[in-house]
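full-length UniProt numbering numbers the first residue of the sequence shown as 1 and each following residue consecutively. The C-beta atom is built at its ideal place from N, Cα and C for all residues, glycine as well. Taking it in order: structure first as structure tokens, then the write-up.
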Amino acid sequence: MTFGIDDLPVRDELRGKSPYGAPQLDVPVRLNTNENPYPLPEPLVERITERVREAARHLNRYPDRDAVELRTALAEYLTKTSGHPVGVDNVWAANGSNEVIQQLLQTFGGPGRTAIGFEPSYSMHGLISRGTGTGWISGPRNEDFTIDLAAAEKAVAEHRPDVVFVTTPNNPTGNAVPPETVLALYEAAQAAGPSMVVVDEAYIEFSHGDSLLRLIEGRPHLVVSRTMSKAFGAAGLRLGYLAAHPAVVDAVQLVRLPYHLSAITQATALAALEHTDTLLGYVERLKAERDRLVAELRALGYEVTESDANFVQFGRFEDAHTVWRKILDRGVLVRDNGVPGWLRVTAGTPAENDAFLDAVREVKKEQS
Ligand code: PMP
């Protein structure tokens with residue numbers, strides 16, 4: 001027997017758990033992690049190089065601990081795209097929205113406290129909760145993957161969680177949560193708590209609807225979390241951010257590691273923000289491709305969950321994992337999130353999506 005995790009004195013709540021592990025397989029078409037398929041445009045690559053070269057000259061010094069220039073640029077982006085004034089004091093940034101979520105849980109969760117999410121949803125909310133010693137409560141959803149508001153309100157009243165996660169558009173299902181539902185949950189959370197409501201808007205740029213940023217005004221317990229990994233096509237950059245009342249921004253600074261955001265990261269993100277218009281142009285292409293995937297999968301006879309994201313959930317399969325494997329055998333990697341009967345495909349380039357649709361057509365033919 002080899003020495004393994006179970007032989008180490010790891011914390012009880014981590015025992016038997018699996019790490020986050022979307023397969024990173026070397027196949028021709030990778031549509032499994034909701035990445036943006038478009039590489040950054042060459043002028044942006046040039047600008048990153050310039051900004052990073054300048055930052056490199058000062059790497060003997062620690063970076064700006066408060067990332068003020070970057071937070072100012074993010075606030076401008078949010079103001080411009082939401083039409084709602086967002087200031088530098090409302091914005092905080094970290095290494096991916098995963099780190100934003102971790103900092104929020106370190107601040108508002110922790111031992112003796114709990115967080116709730118409505119599942120299936122982004123699995124890291126539960127995993128980061130456990131990692132921060134926060135008890136995790138799995139709230140319900142309807143059969144069609146919408147949030148069952150009455151059941152959700154009941155769960156919030158009963159468990160009085162310290163943090164409530166709402167993912168809109170939701171991952172892995174793709175559907176957006178109506179603003180009225182988020183507001184009702186916020187009210188329920190205030191009556192039970194008051195607790196923090198974290199709206200995870202990782203995919204909001206792909207949505208038919210608007211960001212809930214406008215709801216922050218007058219709601220100090222509401223946090224909107226965002227990322228540059230999807231719409232900005234910069235998953236490799238690791239830059240996530242939040243918008244909230246300035247008190248929330250002050251609070252997360254109690255747990256952030258000193259100089260958590262490297263000077264290279266800050267410089268790269270600033271360069272990307274200078275090219276927002278071009279990058280949002282790719283988002284429009286991806287939305288059209290997403291809509292095409294929905295239409296074509298439905299035409300093939302599949303059930304497809306309404307999508308406001310850059311991915312599509314389709315089914316139903318008696319054995320989703322076998323279908324996942326057959327699609328993979330044809331060189332296309334999609335995602336089996338473990339939602340029984342369903343698979344998820346990320347919208348890629350038109351050619352990648354064609355390859356996916358061809359693979360699915362073949363699998364369908366084989367099965368009929
Ligand atoms: N939230 C949701 C809903 C996600 O799907 C993801 C990434 N898959 C993240 C947050 C984390 O993204 P990142 O850390 O790259 O910002």
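Check, Outcome
"Under 6 Å, CB to any heavy atom of the ligand PMP. Which residues pass, going along the chain?", "N34, G96, S97, N98, Y122, T167, N171, D200, A202, T227, S229, A235, G240"
"If you follow the alpha helix (DSSP H) that A155 is in, where does it begin and where does it stop?", "149-159"
"If I follow the unbroken beta strand (DSSP E) through T227, where does it start and stop?", "222-227"
"So what's F232 in DSSP terms, helix, strand or just coil?", "coil"
"Given that a residue counts as buried once 16 or more other Cβ atoms are within 10 Å of its Cβ, and exposed if not, what is F3?", "exposed"
"Determine the direct distance from the alpha carbon of T114 to that of E76, and round the result to whole angstroms.", "34 Å"
"Per DSSP, what kind of secondary structure is S121 in: helix, strand or coil?", "coil"
"Quick one: Cα of D291 to Cα of E306, how far?", "10 Å"
"Could you round the C-beta distance between V312 and L293 to whole angstroms and report it? I think they count as a contact, below 8 Å.", "5 Å"
"Does the segment 105-124 come into contact with the segment 231-240, if we say contact requires no fewer than three beta-carbon pairs (one atom in each stretch) closer than 8 Å?", "no"
"With contact counted as at least three CB pairs below 8 Å, one residue from each stretch, are the segment 131-147 and the segment 26-43 in contact?", "no"
"Restricting to Cα atoms, I'd like to know which of S138, V323, P258, T173 is closest to G103.", "Per the sequence shown, the amino acid found at residue 103 is Gln instead of Gly. Cα-wise, what sits closest to Q103 is P258."
"Would you mind working out which of K80, D144, A244 sits nearest R316, comparing C-alpha positions?", "D144"
"If you draw a straight line from the C-alpha of A351 to the C-alpha of N170, how long is it?", "26 Å"
"Identify the continuous beta strand (DSSP E) that holds T346 and give its terminal residues.", "342-346"
"Roughly how many angstroms lie between the CA atoms of R325 and L343, to the nearest whole one?", "11 Å"
"How big is the Cα-Cα spacing for A55 and L14?", "39 Å"
"Give me whichever residues DSSP pairs with Y241 in a beta bridge.", "A93, R226"
"Can we say the segment 42-60 touches the segment 203-220, given the rule of at least three CB pairs closer than 8 Å?", "no"
"When you compare only the Cα positions, how much space is there between S225 and M1?", "44 Å"
"Between the C-alpha atoms of L273 and H58, what's the straight-line distance to the nearest angstrom?", "21 Å"
"Is the beta carbon of H275 within less than 7 Å of some heavy atom of the ligand SAH?", "With respect to small molecules bound, the structure shown includes the ligand PMP and not the ligand SAH."
"Rounded to whole angstroms, what's the CA-CA distance from T72 to E42? Just pull it up for me.", "25 Å"
"Would you check if the distance between the CB atom of V255 and the CB atom of Q106 is smaller than 8 Å?", "yes"
"Buried or exposed: Q253, going by 16 or more other Cβ atoms within 10 Å of its Cβ?", "exposed"
"Could you tell me which of M228, L127, H159, V10 sits nearest to L74, measuring between CA atoms?", "M228"
"Check the C-beta distance from D200 over to T167 and give it rounded, since I have them as a contact under 8 Å.", "4 Å"
"So, helix, strand or coil for D64, using DSSP?", "coil"
"Taking buried to mean at least 16 other C-beta atoms within 10 Å of its own C-beta, is N90 buried or exposed?", "buried"
"Residues in the same chain with beta-carbon distance under 6 Å from residue 375, minus the five sequence neighbours each way, listed in chain order, please.", "Nothing can be reported for residue 375, as the shown portion of the chain is limited to 1 through 368."
"My assumption, with CB atoms under 8 Å, is that D336 sits in contact with A320. Please give the rounded CB distance.", "6 Å"
"How is T134 classed by DSSP in three states: helix, strand or coil?", "coil"
"Just confirm the distance between the C-beta atoms of T349 and E35, as a whole number of angstroms; I'd bet it's less than 8 Å.", "With a Cβ gap of about 12 Å, T349 and E35 do not count as contacting."
"Return the CA-CA distance between D12 and S138, expressed in angstroms with no decimal places.", "19 Å"
"Is P120 closer than 8 Å to T33 when the C-beta atoms are compared?", "no"
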